[in-house]
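**Student:** Going by numbering that gives the first Met the number 0, the residue at position 17 of the sequence shown is 16; the numbering climbs one at a time, nothing skipped. Okay, handing you the structure first.
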Amino acid sequence: MKRIKIETSFEVYDSIKELATPIQNLILKATEARKKAYAPYSKFLVGAALELENGQLIAGNNQENASYPSGLCAERTAIYYAGAEFPNQKIIRMAIVAGSTTNPTPKPIPPCGACRQALSEYEVKQNMPMELYFMGTSGQIAYSNSVENILPWIFDKTVL
Ligand code: THU
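Here is the structure:
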């Protein structure tokens with residue numbers, strides 16, 4: 000028997016001002032995208048913004064449905080759009096801004112498990128880590144240097 004240990008860590012920033020300008024801009028793009036989310040059922044609005052290697056910013060938000068499981072998270076809306084429209088552009092980083100309109104949500108909110116799996120597909124595809132920044136509607140920003148860091152021991156194409 001041998002024991003395998005996987006360690007993970009991430010950084011937390013107290014203010015957006017601690018981050019470089021392109022990252023601040025990406026977070027602002029996600030903040031704007033969040034305002035356009037369609038979340039009448041959960042009232043939990045999420046905006047996601049991606050920066051492509053050509054500098055272009057792509058945004059998405061959560062799209063809910065009366066048939067609840069038919070809805071889609073912001074992260075997947077954004078990354079599937081990028082995959083559909085810009086299949087050869089690597090994704091440098093992604094910012095996610097999430098929060099309820101009914102409860103205070105001042106803490107960084109990390110992506111759900113299904114989104115982590117979807118994001119990891121594109122990180123593997125582009126063979127380059129994708130930076131992730133996530134926050135609530137205010138307060139701190141969490142940073143992970145890759146998707147793998149928040150989804151260790153992934154299921155990917157190498158096992159098929
Ligand atoms: N949601 C996202 O958009 N991203 C996540 O990572 C977690 C959850 C959405 C789905 C649903 O519309 C609402 O937030 C509440 O779960």
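Ideal Cβ placement from N, Cα and C applies to all residues, glycine included.
Tell me whether Asn87 is buried or exposed, calling it buried when 16 or more other Cβ atoms sit within 10 Å of its Cβ.
**Tutor:** As a working note, residue 87 is residue 88 in the sequence shown. Its Cβ having fewer than 16 others within 10 Å, Asn87 is exposed.
**Student:** What does the alpha-carbon distance come out to for the pair Ala47 and Ile3?
**Tutor:** As a first step, residue 47 must be located in the sequence shown, where it is residue number 48. As a first step, residue 3 must be located in the sequence shown, where it is residue number 4. Roughly 34 Å between the two C-alpha positions.
**Student:** Identify, in the order they occur along the chain, each residue of the same chain with its Cβ nearer than 8 Å to the Cβ of Ala117, setting aside the five sequence neighbours on each side.
**Tutor:** Here residue 117 is taken as the residue at index 118 of the sequence shown, counted from 1. Answer for Ala117: Glu74, Arg75, Ile78, Tyr79, listed in chain order.
**Student:** Return yes when the Cβ of Met93 is within less than 8 Å of the Cβ of Leu150, no when it is not.
**Tutor:** The sequence position of residue 150 within the sequence shown is 151, counting from 1. The sequence position of residue 93 within the sequence shown is 94, counting from 1. It is not a contact, given that the beta carbons lie outside the stated cut-off.
**Student:** Between the C-alpha atoms of Cys72 and Cys114, what's the straight-line distance to the nearest angstrom?
**Tutor:** Here residue 72 corresponds to residue number 73 of the sequence shown, with the count starting at 1. Here residue 114 corresponds to residue number 115 of the sequence shown, with the count starting at 1. About 7 Å.
**Student:** According to DSSP, simplified to helix, strand and coil, what is Tyr40?
**Tutor:** Residue numbering aside, residue 40 sits at position 41 when the sequence shown is read from its first letter. Note: Tyr40 maps to coil in three-state DSSP.
**Student:** Please work out which residues of its chain come closer than 6 Å, Cβ to Cβ, to Leu49, disregarding the five sequence neighbours upstream and downstream, and give them in chain order.
**Tutor:** For the purposes of this step, residue 49 is taken as residue 50 along the sequence shown, with counting starting at 1. Taken in chain order, the residues that qualify are Ile57, Ala77, Ala81, Ile90, Met93.
**Student:** Ligand 1: which residues have Cβ under 6 Å from any of its heavy atoms, chain order?
**Tutor:** Per the Cβ criterion, the list is Ala38, Ser41, Phe43, Val45, Asn61, Glu63, Gly70, Cys72, Ala73, Glu74, Pro110, Cys111, Cys114.
**Student:** DSSP has Met93 in a bridge; who is on the other side?
**Tutor:** In the sequence shown, the residue the question calls residue 93 occupies position 94. The partner list for Met93 (beta bridge, DSSP) reads Leu49, Leu131.
**Student:** What number of angstroms, rounded off, separates the C-alpha of Asp13 from the C-alpha of Ala29?
**Tutor:** Residue 13 sits at position 14 when you count from the first residue of the sequence shown. Residue 29 sits at position 30 when you count from the first residue of the sequence shown. Cα to Cα, Asp13 sits roughly 18 Å from Ala29.
**Student:** Between the Cα of Gln23 and the Cα atoms of Pro110, Glu147, Phe133, Asn144, which residue gives the shortest distance?
**Tutor:** One-based indexing of the sequence shown puts residue 23 at position 24. Closest by alpha carbon: Phe133.
**Student:** Does the beta-carbon distance from Pro105 to Ser137 come in below 8 Å?
**Tutor:** Here residue 105 is taken as the residue at index 106 of the sequence shown, counted from 1. Here residue 137 is taken as the residue at index 138 of the sequence shown, counted from 1. Yes, Cβ-Cβ distance for Pro105 and Ser137 is below 8 Å.
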